[in-house]
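Following: one structure in C-alpha cells, then a few remarks.
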Amino acid sequence: MSASMMSVFKRCHDVYFFPGSPALQAIVQYPVFVHDCFRVSGNDDYTVMALIQPPQVRRLQMLGTLSLLAIVIGGSVLIFVGANALSGRKEKDELGRARPPGQARFSVGHEWSIQTWIAIVGVAFALLSYGFTEAYVHLFDTWASRQAQHSNGLDYARYLNSQPRAPVVYGLRGFPSFITLRYFLLIMSIIASVGYKFAIVSPDAWIKENFHPRLIEFIKSELSAVKNGSIVSEPEPWINDFPLHDINRAFIHFNQVAQEPRYAANMSLPPNGLAMVGHANCFSTSRADQFYPGDVGTLHTREVILVANGSVGKGDFYMTEDPGDWHRMETTSTNWFDPPRRALVEYRLAEFGSLQIQWAKKPNKSSESWRIPVEHRSLYKMELATAEVRRYVRDQNCRFLPQAALSFLSFSNDTFEKSIAAVMPSWGNITATERFNISDLMPQYGVWLDALVKSPDTTLLSGVSAIIRAVMVSIKTTKLLDSENLKADFLPFGEERVLAPAESFRDAKYPFYVGWRENKNTGCHIGAAIVFIILGCFSIMVGIYRIWLGPPALTSWMGQHVFLAGTEKMALSNKVTGLASGYTVAESDLGKLRLSTRKGGEEDAMLKPSVSSDGQQSDSEETKNKGRTGQ
Numbered sequence: 003m004s005a006s007m008m009s010v011f012k013r014c015h016d017v018y019f020f021p022g023s024p025a026l027q028a029i030v031q032y033p034v035f036v037h038d039c040f041r042v043s044g045n046d047d048y049t050v051m052a053l054i055q056p057p058q059v060r061r062l063q064m065l066g067t068l069s070l071l072a073i074v075i076g077g078s079v080l081i082f083v084g085a086n087a088l089s090g091r092k093e094k095d096e097l098g099r100a101r102p103p104g105q106a107r108f109s110v111g112h113e114w115s116i117q118t119w120i121a122i123v124g125v126a127f128a129l130l131s132y133g134f135t136e137a138y139v140h141l142f143d144t145w146a147s148r149q150a151q152h153s154n155g156l157d158y159a160r161y162l163n164s165q166p167r168a169p170v171v172y173g174l175r176g177f178p179s180f181i182t183l184r185y186f187l188l189i190m191s192i193i194a195s196v197g198y199k200f201a202i203v204s205p206d207a208w209i210k211e212n213f214h215p216r217l218i219e220f221i222k223s224e225l226s227a228v229k230n231g232s233i234v235s236e237p238e239p240w241i242n243d244f245p246l247h248d249i250n251r252a253f254i255h256f257n258q259v260a261q262e263p264r265y266a267a268n269m270s271l272p273p274n275g276l277a278m279v280g281h282a283n284c285f286s287t288s289r290a291d292q293f294y295p296g297d298v299g300t301l302h303t304r305e306v307i308l309v310a311n312g313s314v315g316k317g318d319f320y321m322t323e324d325p326g327d328w329h330r331m332e333t334t335s336t337n338w339f340d341p342p343r344r345a346l347v348e349y350r351l352a353e354f355g356s357l358q359i360q361w362a363k364k365p366n367k368s369s370e371s372w373r374i375p376v377e378h379r380s381l382y383k384m385e386l387a388t389a390e391v392r393r394y395v396r397d398q399n400c401r402f403l404p405q406a407a408l409s410f411l412s413f414s415n416d417t418f419e420k421s422i423a424a425v426m427p428s429w430g431n432i433t434a435t436e437r438f439n440i441s442d443l444m445p446q447y448g449v450w451l452d453a454l455v456k457s458p459d460t461t462l463l464s465g466v467s468a469i470i471r472a473v474m475v476s477i478k479t480t481k482l483l484d485s486e487n488l489k490a491d492f493l494p495f496g497e498e499r500v501l502a503p504a505e506s507f508r509d510a511k512y513p514f515y516v517g518w519r520e521n522k523n524t525g526c527h528i529g530a531a532i533v534f535i536i537l538g539c540f541s542i543m544v545g546i547y548r549i550w551l552g553p554p555a556l557t558s559w560m561g562q563h564v565f566l567a568g569t570e571k572m573a574l575s576n577k578v579t580g581l582a583s584g585y586t587v588a589e590s591d592l593g594k595l596r597l598s599t600r601k602g603g604e605e606d607a608m609l610k611p612s613v614s615s616d617g618q619q620s621d622s623e624e625t626k627n628k629g630r631t632g633q
C-alpha cells in the first residue's frame with residue numbers, strides 16, 4: 003500500500019496506521035472499529051485484515067463467536083429434540099402411538115438407539131453449559147462496566163471478591179446476587195447433566211413393521227398326535243384345533259350360525275367350510291428373538307391356503323351293514339340327534355380333492371342285514387386360494403389364529419389338480435394324483451380320528467370338523483406348500499384383490515407385524531420434551547440478548563486490568579498490598595474504578611490509549627500498549 007493512500011510513520015521499526023487518514027477512508031468500505039492508533043507489526047497480515055472487517059463481524063468477535071454459536075446451537079438441538087417428541091404423539095388407534103401415558107416416540111430417528119439420543123442431548127447440554135457460562139461473564143462485565151461509568155465508580159474490592167477464583171467462602175463480600183446466579187447455574191448444570199439421561203426412554207409403540215420371511219418358521223404337518231422334535235411337546239394342530247377355539251394354530255372354521263344365541267355356532271350342524279393355513283412359529287433358540295415379552299399384536303402373512311368348501315348332498319341315501327368304500331365309525335356321544343341317540347358316521351374320498359361325510363342313527367337292534375336312511379350327507383371340495391393370514395403375537399411367538407384370521411385375495415378357477423400344478427411348478431410332469439395318494443395315508447390317522455369322533459363330549463360340529471381336518475392335513479403332509487410366504491410378484495391364481503382399509507393395511511409388504519413393540523423404539527417423556535423446548539427457546543433468546551447488549555467496556559480479562567492499574571482510571575489505596583499472596587480476600591475501601599461515560603457503539607466503549615499531539619504515543623502509554631498487544 004503506497005504512502006499516498008495512508009499516513010504512515012515509522013518508529014523503532016514499528017508501523018502505525020491512522021484510520022483517520024482521508025486516503026485510507028477512500029478505500030475502506032466499512033467503518034473501522036479500532037483505537038485511535040493501532041500498533042501493527044510490519045509482517046502481521048492478520049492484524050491488517052482486522053482493520054477492514056465489517057462492524058457486524060467485529061461485534062460478534064468481541065462478544066465471543068464460539069460462545070454465541072454454542073448457546074444457539076445447543077438451544078436449537080434441544081428445540082429439535084422436544085419438537086421431535088411432541089410431533090410423534092398420536093391419537094388412539096393411530097400407528098406410532100406410545101405407552102405408557104406421558105411418553106412419546108420420536109417422529110424422526112425413533113429407530114436410533116437410546117445411547118445415540120442421549121449422546122445428542124448430552125452434546126446440546128455441553129454446548130449450553132459453555133454458552134451460559136460465557137453469558138454469565140458477559141452479563142457481569144456489562145453490569146460492572148455500567149457501574150464503573152457512574153459517578154461513584156465501581157467498588158473494586160467487591161468486584162475482585164466476585165471473581166470465580168476469589169478466595170471467598172460464598173461471596174458475600176462481593177456482589178451476592180451475581181454469585182448466587184453463578185451458583186444457580188452450576189447447580190442447574192449438575193441437575194441437567196444427570197436428569198437428561200432419564201428423559202430419553204424406549205416406549206412401547208403401536209407400529210407396523212416389516213419382517214423378513216426367514217424369521218417365520220412354518221412347521222411341517224404330521225399325521226401324528228404329538229409333534230415330535232419340538233422344544234415343548236404339543237398336539238398336532240389337526241388334533242386339537244376345535245371349531246370354537248380362539249387359540250387354533252392352523253385351522254379356521256366357517257360355522258353355521260344358530261338363532262339363539264345370535265351369532266353363536268350351531269353345534270348340531272356341520273361347518274360350512276374349513277381353511278388350513280401354515281403352522282407358524284416365531285420363537286427359536288438358534289437365533290436372536292425377533293419378539294420381546296411385552297410385544298402384543300398381529301402378524302400378517304400372505305400364503306397359499308387349502309380350503310374345504312362344503313355343500314349338502316342332494317337325494318336319498320342309505321347305510322347298510324356293508325360299508326363298502328366308506329370308513330365307518332360309531333359315536334359314544336348321543337348329542338348328534340334330538341332326541342339323543344348314537345350315530346354311525348362314514349366318510350370317503352369320492353374323487354381327488356372331494357370328501358363326502360354322512361351320518362345316520364344307529365340301529366336299535368343289530369342284525370346281519372339292515373338298511374337305514376342317512377340323516378345328512380355333506381360334500382367338501384378342496385380348493386386353493388391366496389389369502390392374508392393374521393396371527394396373534396403373544397409370549398414371543400405367533401402360533402395362534404384369531405377367529406377373523408383370513409382375508410381372501412384370490413381363488414383358483416381351475417381344478418384342484420391344476421391349481422396344485424400352478425403352485426408347485428417344480429413338480430414338472432408328475433401329476434398331483436401321483437403325489438397325493440391320500441387313501442394310503444388313512445390308516446396312519448385312522449386310530450387318532452376314531453378317538454376324536456368317539457369321544458363322549460364330541461358334538462356333530464366337532465366330529466365332522468375332525469374328519470375334514472384329517473383329510474386336509476394328509477394333503478399338507480405331501481409338502482404342497484413348501485413356502486407359505488409367497489414372493490410379492492408370484493400370483494399363482496391371477497390378479498389379487500386389494501384389501502379395504504378396514505381389513506388390512508394398504509401398500510404393506512408381507513410379512514409384517516402390527517402391534518405393540520418394546521425395545522425397538524426411542525422416545526422421550528412429554529414433560530421433558532416441553533422443558534427442552536422452553537430451555538432451547540430461552541437459550542436462543544439469551545444469545546440474541548447478548549448481541550443486543552454488545553461488548554462491554556470493562557472485561558474480566560486480566561490484561562485489561564493490568565493496563566488500568568497504571569492509569570488514573572483506577573485509584574487504589576495502600577490496601578492493595580494485602581492481595582500479594584493470592585489467598586487473601588480484597589478488603590473494603592480498596593479503591594474505585596471509573597470509566598468514561600461516552601456512548602455510541604462499542605468502538606466508543608472500548609478503552610483507548612492516548613496519543614500525543616504530534617501523533618506519537620508517550621513512553622508510558624507505549625509501554626501499556628505493548629502489554630496489551632503481547633509485544
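Numbering (our numbering), first residue to last: 3 to 633.
All C-beta atoms in this analysis are idealised placements derived from N, C-alpha and C, irrespective of residue type, glycine included.
Among the residues of its own chain, which have a CB less than 7 Å from the CB of residue i, if the five just before and after it don't count?
| i | result |
| --- | --- |
| R251 | P239, D243, H281, R401, F402, L403 |
| Y138 | L183, R184, L187 |
| H527 | G104, Q105, A201, V203 |
| K577 | E589, D591, L592 |
| D46 | Interpretation of D46 is limited by its pLDDT of 48, a score under 50 that renders its predicted location unreliable; no figure is taken from the coordinates. |
Looking at the secondary structure, which residues open and close the beta strand (DSSP E) in which residue i lies?
| i | result |
| --- | --- |
| L595 | 593-595 |
| K364 | Note, K364: premise wrong, no beta strand (DSSP E); not H, not E. |
| N250 | Looking at the DSSP string, N250 is not in any beta strand (DSSP E), and its letter there is neither H nor E. |
| H329 | 329-332 |
| I221 | 219-221 |
| R350 | 345-353 |
| N283 | 281-283 |
To which residues does DSSP link residue i through a beta bridge?
| i | result |
| --- | --- |
| T524 | Looking at the DSSP assignment, T524 forms no beta bridge with any residue, so it has no partner. |
| T388 | V306, S412 |
| S380 | V314, I359 |
| F256 | G275 |
| I209 | G517 |
| R107 | G525 |
| N268 | None; N268 has no bridge partner. |
| M321 | I374 |
| V228 | P237 |
| L301 | R393, Y515 |
| R101 | D206 |
| L403 | N250 |
Starting from residue i and walking both ways along the alpha helix (DSSP H), at which residues does that stretch end?
| i | result |
| --- | --- |
| M190 | 178-201 |
| F244 | Looking at the DSSP string, F244 is not in any alpha helix (DSSP H), and its letter there is neither H nor E. |
| M426 | Segment: none, M426 is in no alpha helix (DSSP H) and carries neither H nor E. |
| V473 | 462-478 |
| H140 | 116-151 |
| Y161 | 158-163 |
| G84 | 67-88 |
Here's a check: name, in chain order, each residue in its chain whose Cβ is nearer than 6 Å to the Cβ of residue i, leaving out the five neighbours to either side.
| i | result |
| --- | --- |
| T460 | S335 |
| S235 | V228 |
| I221 | H281, N283 |
| L381 | S313, G315, Q358 |
Please work out which residues of its chain come closer than 8 Å, Cβ to Cβ, to residue i, disregarding the five sequence neighbours upstream and downstream, and give them in chain order.
| i | result |
| --- | --- |
| F495 | L386, A387, T388, S412, F413, S414, N415, S421, A424 |
| K594 | N154, G155, L156, D157, Y158, M572, A573 |
| E219 | A282, N283, C284, S286 |
| T557 | D143 |
| L162 | A168, G176, L581, A588, L592 |
Next item on the list: Evaluate the contact criterion for the stretch 167-186 versus the stretch 106-116: three or more CB pairs, one atom per stretch, below 8 Å.
Entry: Put simply, the stretch 167-186 does not touch the stretch 106-116. Fewer than three CB pairs are less than 8 Å apart.
request  = List in chain order: all unbroken alpha helix (DSSP H) runs of 4+ residues lying wholly within the stretch 533-580.
outcome  = 560-567
- Query: Touch check for the stretch 62-75 and the stretch 129-136: three-plus C-beta pairs under 8 Å?
  - Reply: With a cut-off of 8 Å, the stretch 129-136 and the stretch 62-75 count as touching, because enough Cβ pairs lie within range.
Point to revise | At least 3 beta-carbon pairs within less than 8 Å: the stretch 554-569 vs the stretch 114-126 | key: no
Quick one: any contact between the stretch 315-323 and the stretch 335-344, if contact means 3 or more CB pairs under 8 Å? Not touching, per the Cβ criterion.
Q) Does the count of Cβ pairs from the stretch 445-465 and the stretch 323-337 closer than 8 Å reach three? A) The answer is yes - the stretch 323-337 touches the stretch 445-465, with three or more Cβ pairs under 8 Å.
Counting Cβ pairs, one atom from each stretch, are 3 or more of them under 8 Å apart for the stretch 143-152 and the stretch 84-98? no
| query | Is there contact here, the stretch 296-307 with the stretch 523-541, by at least three beta-carbon pairs under 8 Å? | reply | The stretch 296-307 is not in contact with the stretch 523-541.
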